[in-house]
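In this note's numbering, the protein residues as written are -9 to 256.
Virtual Cβ for every residue (Gly too), placed ideally from N, Cα, C.
Have a look at the structure below before the remarks.
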Ligand SMILES: [Zn+2]
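Next up, the structure:
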């Protein structure tokens, strides 16, 4: 299901930035009504734009993204460059004009799409980052309902299902909105009374997009794919349009059993 001429991928950004004429706009909107694939793509760029306009005011911009932005700005008009003088000077982030927003969105979107080609390795890195404290939760709560509300407020469009794993002695720690391979993810962690850590992520995506050799298990009519990366076990499965992944450095069979338990609760 790759994009072809019938999918107006090139016009999605224009639609979002209100650069289409009335006829074209109506056509693209009608296509979005009918096409899940394009609607999901549109949601993703919409999300990226929202992150730029609402959130990058406060978060640290990764060094590589900053370098890419600098390169993009070098290609821009002088007027646009002057609008970004704050940035070059390391001053506060201020979006000067809609045009500059568009430049930024394009760069950030490209960066998100290009940055995480090996999704499995990326999720394993996220786990390591969560363990060493470089990836932190934005909302600390042991309440699944509160965390689901947080994800909704933060623009996650799919239904997140945060489960209470208390029966297995795993306590919910909290979560954040993160990104995998261009898609926003709902990320949340659990801590076992004995010290083990579980990290879960949910995003709009398909199991078929995962690369590399997996151990495939069927359980309760659901297909699970298990990967090993750097001592981290990652178990992926599909819930409708959403892919879920559970990651941990505990025994791989235990991660698999927890994934079975979590998937069964749906
Ligand atoms: Zn389409």
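Please classify residue i: is it buried, with 16 or more other beta-carbons within 10 angstroms of its beta-carbon, or exposed?
i: residue 104; result: Residue placement at residue 104 is poorly supported in this model, since its pLDDT is 46, which falls under 50; the coordinates still yield a value, given next. That one is exposed.
i: residue 241; result: exposed
i: residue 196; result: exposed
i: residue -4; result: exposed
i: residue 176; result: buried
i: residue 172; result: buried
i: residue 243; result: exposed
i: residue 205; result: exposed
i: residue 194; result: buried
i: residue 144; result: buried
i: residue 12; result: exposed
i: residue 114; result: buried
Between the Cα of residue i and those of the options, spot the shortest distance and give me the residue it belongs to.
i: residue 187; options: 202, 164 and 173; result: 164
i: residue 184; options: 176, 40 and 156; result: 156
i: residue 36; options: 109, 27, 218 and 2; result: 2
i: residue 213; options: 190, 244 and 249; result: 249
i: residue 40; options: 229, -2, 14 and 6; result: 6
i: residue 237; options: 231, 225, 230 and 247; result: 225
i: residue 232; options: 180, 192 and 147; result: 192
i: residue 208; options: 254, 149 and 129; result: 254
i: residue -2; options: 178, 19 and 11; result: 19
i: residue 180; options: 167, 117, 168 and 144; result: 117
i: residue 211; options: 201, 227, 199 and 223; result: 227
i: residue 203; options: 111, 14 and 33; result: 111
i: residue 34; options: 10, 148, 246 and 143; result: 148
i: residue 142; options: 131, 167, 160 and 127; result: 167
So what does DSSP say about residue i, is it helix, strand or coil?
i: residue 1; result: helix
i: residue 218; result: strand
i: residue 223; result: strand
i: residue 176; result: strand
i: residue 35; result: helix
i: residue 169; result: strand
i: residue 186; result: coil
i: residue 156; result: helix
i: residue 241; result: coil
i: residue 147; result: coil
i: residue 113; result: helix
i: residue 49; result: The predicted position of residue 49 is uncertain, since its pLDDT is 45 and thus under 50; a value taken from the coordinates is nonetheless stated next. In this structure, residue 49 counts as coil in the three-state DSSP scheme.
i: residue 11; result: coil
i: residue 127; result: coil
i: residue 164; result: strand
i: residue 196; result: coil
i: residue 181; result: strand
i: residue 28; result: helix
i: residue 207; result: strand
Does the region 131 to 140 come close enough to the region 212 to 230 that 3 or more CB-CB pairs lie under 8 Å? The answer is no - the region 131 to 140 does not touch the region 212 to 230, with fewer than three Cβ pairs under 8 Å.
For the 8 Å Cβ check, are there 3 or more pairs between the region 111 to 127 and the region 148 to 155? By the Cβ criterion, the region 111 to 127 is not in contact with the region 148 to 155, since fewer than three pairs of Cβ atoms, one from each stretch, lie closer than 8 Å.
Test item, CB below 6 Å from any non-hydrogen atom of ligand 1: This criterion selects -3, 21, 25, 27 and 28.
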